[in-house]
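Chains A and B supply the protein sequences, listed in that same order.
So for the first sequence, our numbering puts the first residue at 1; every next one is plus one.
So for the second sequence, our numbering puts the first residue at 1; every next one is plus one.
For glycine and all other residues, C-beta sits at the position ideal for the given N, C-alpha and C.
Just so it is clear, the structure is predicted and the values come from calculations on it, not from any experiment.
Number of protein chains: 2
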Amino acid sequence: MRPLFHPSVEDLTVEGVLHALSDPVRVAIFARLAGSPCSQSCSSFLKISDKDIPKSTLSQHFKILREAGLIRAERHGVEMQNTSRCAEIEKRFPGLISAIVRAFNAQMEEKTNQAKPRKRGTSPRGRKK
Amino acid sequence: MRPLFHPSVEDLTVEGVLHALSDPVRVAIFARLAGSPCSQSCSSFLKISDKDIPKSTLSQHFKILREAGLIRAERHGVEMQNTSRCAEIEKRFPGLISAIVRAFNAQMEEKTNQAKPRKRGTSPRGRKK
DNA sequence: TTCATTAGTTCTGTAAATAAGAACAATGGA
DNA sequence: TCCATTGTTCTTATTTACAGAACTAATGAA
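#1: Residues of chain B with a CB under 9 Å from the CB of Ala130/A: which are they?
#2: Given that a residue counts as buried once 16 or more other Cβ atoms are within 10 Å of its Cβ, and exposed if not, what is His19/B?
#3: Would Pro24/B count as contacting chain A if we go by Cβ distances under 7 Å?
#4: Could you name each continuous beta strand (DSSP E) segment of 3 residues or more that falls completely within the region 16-78 of chain B, going from the start of the chain to the end?
#5: Sorted by chain position, which residues of the same chain lie with C-beta nearer than 6 Å to Val27/A's C-beta, five sequence neighbours on each side aside?
#6: For chain B, is any of its Cβ atoms less than 7 Å away from the one on Val27/A?
#7: Identify each residue in the region 58-72 of chain A for which the Cβ-Cβ distance to at least one residue of chain B is less than 7 Å, and report them in chain order.
#8: Hey, quick one: how far does the alpha helix (DSSP H) through Ser98/B stretch, first residue to last?
#9: For Val86/B, tell me which candidate among Ser56/B, Arg66/B, Val78/B and Arg75/B has the shortest Cα-Cα distance.
#10: Which residue's Cα is closest to the Cα of Ala68/B: Gln107/B, Ser84/B and Ile53/B?
#11: Assuming Ile64/A and Phe30/A form a contact by the criterion Cβ under 8 Å, report the distance between their Cβ atoms to the nearest whole angstrom.
#12: What number of angstroms, rounded off, separates the C-alpha of Ala73/A from the C-alpha of Ile53/A?
#13: Between Lys91/A and Met80/B, what straight-line distance do the alpha-carbon atoms span, to the nearest angstrom?
#14: Strictly below 7 Å CB to CB, what residues from chain B border Ala99/A?
#15: So who's on the other strand from Ser84/B, going by DSSP bridges?
#16: Taking all protein chains shown into account, decide if Asn113/A is buried (16 or more other Cβ within 10 angstroms of its Cβ) or exposed.
#17: What is the C-beta distance between Leu58/B and Cys42/B, in whole angstroms, given that I count them as a contact (C-beta under 8 Å)?
#18: Does the distance from the CB of Gly95/B to the CB of Ala99/A come in under 7 Å?
#19: Smallest Cα separation from Ser49/A: which of Ser36/A, Arg32/A and Thr13/A?
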C-alpha cells in the first residue's frame with residue numbers, strides 16, 4: 001500500500017484547519033487525539049457520536065483530518081495508528097489548536113452538565129482544599 | 001422589514017463558529033470587522049478577495065456569519081452596519097476568536113511577504129533599537 | 001406621489017460536497 | 001490457502017454552495 005499523504009506544516013491554511021474541524025464528529029475525534037499521547041485506531045471512534053458512524057463515513061473523516069494536516073496516520077499491521085500533529089501546528093499557528101480544543105471541551109462539559117443538572121456546590125466530594 | 005435574527009451567545013457552538021470561518025472570504029470579512037471598532041457595510045467587502053464577489057454570494061456569507069453568532073447586523077438607512085461580536089464570544093469561548101484572527105492575519109502576512117520576497121535583514125529601516 | 005438610485009435579499013438552476021451501503025484491498029493468523 | 005479484521009474506494013442519493021436574475025427596502029429628487 002502506498003504511504004499516506006501528509007501535507008507539510010507550511011502548506012496548512014487557517015481556513016483548511018477550520019473546515020476540517022467544523023464537523024462535530026471530526027472535532028470530537030481530533031480533541032480526543034489531541035488529549036492523548038497514544039495513537040488510536042480509526043475503529044476506536046465508531047461510537048464517538050450519539051449514534052454509530054458507518055465506517056466508510058469515518059474513513060472519509062480521517063482522510064479530511066489527515067489532508068488538512070491535523071493528524072498523522074500510519075499503518076501498523078492491520079490497523080491505522082492516528083496521532084494529532086498539535087506540536088507542529090502550534091509552531092505554525094500559535095495558540096490556535098489549543099483554543100479550539102479548549103472551547104470544544106468546555107462545550108462538551110456544558111452539554112453533560114445540562115443533561116444531568118446539579119445544584120451549585122453539591123459536587124460529589126466538594127471542593128478539594 | 002423584519003428585524004434580523006441573531007442567536008444568543010449561549011446558543012453558539014464551536015463547530016458552528018468554525019464552519020462560518022472555514023471559508024476564505026468569510027474569515028477575511030470577519031478578521032477585518034474584528035480588527036476595527038467601526039461598523040462596515042456589506043458592499044465595502046465586494047473586493048475583499050482577489051476577484052470581485054457577486055453581491056448575492058456576499059449576502060449569503062453575511063447571513064452565515066450572522067446566524068453563526070459572529071457578527072451583528074442592523075440596517076441604518078439604505079445600508080447594513082455590521083460589527084463583530086468578539087467581546088461576547090470571548091466570554092463564551094475564551095481565546096478562541098482571537099487565536100483564529102491572529103492566525104489568519106499571520107497567514108495574510110506570510111502571503112504578502114512571499115508575493116514580493118525580500119532578503120533577511122533588509123527591511124526598509126532595519127530593526128528598531 | 002412618482003420615479004430613480006443605492007444596498008441587500010430571495011429565487012432558481014447548476015455545480016460541488018457529503019453520507020453511507022456495497023464491494024474491494026491489505027495485513028496477519030490458523 | 002482460507003479467514004477475520006481494518007480500512008478504502010465505488011456509487012448513488014441527498015445536501016449544500018455559487019451566482020445570475022428578479023425582487024424589496026430606504027432615501028432623495030422632481
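By the coordinates alone:
#1: Lying before the first or after the last residue shown, residue 130/A is absent from chain A, which here runs from 1 to 129.
#2: buried
#3: yes
#4: 71-76
#5: Leu21 and Phe104
#6: yes
#7: none
#8: Leu96 to Ala115
#9: As written in the sequence, residue 86/B is Cys, which differs from the Val given in the question. Nearest C-alpha to Cys86/B: Arg66/B.
#10: Ser84/B
#11: The pair is not a contact, with the Cβ atoms about 10 Å apart (cut-off 8 Å).
#12: 19 Å
#13: 38 Å
#14: Gly95, Leu96 and Ala99
#15: Ile71/B
#16: exposed
#17: 6 Å
#18: yes
#19: Arg32/A
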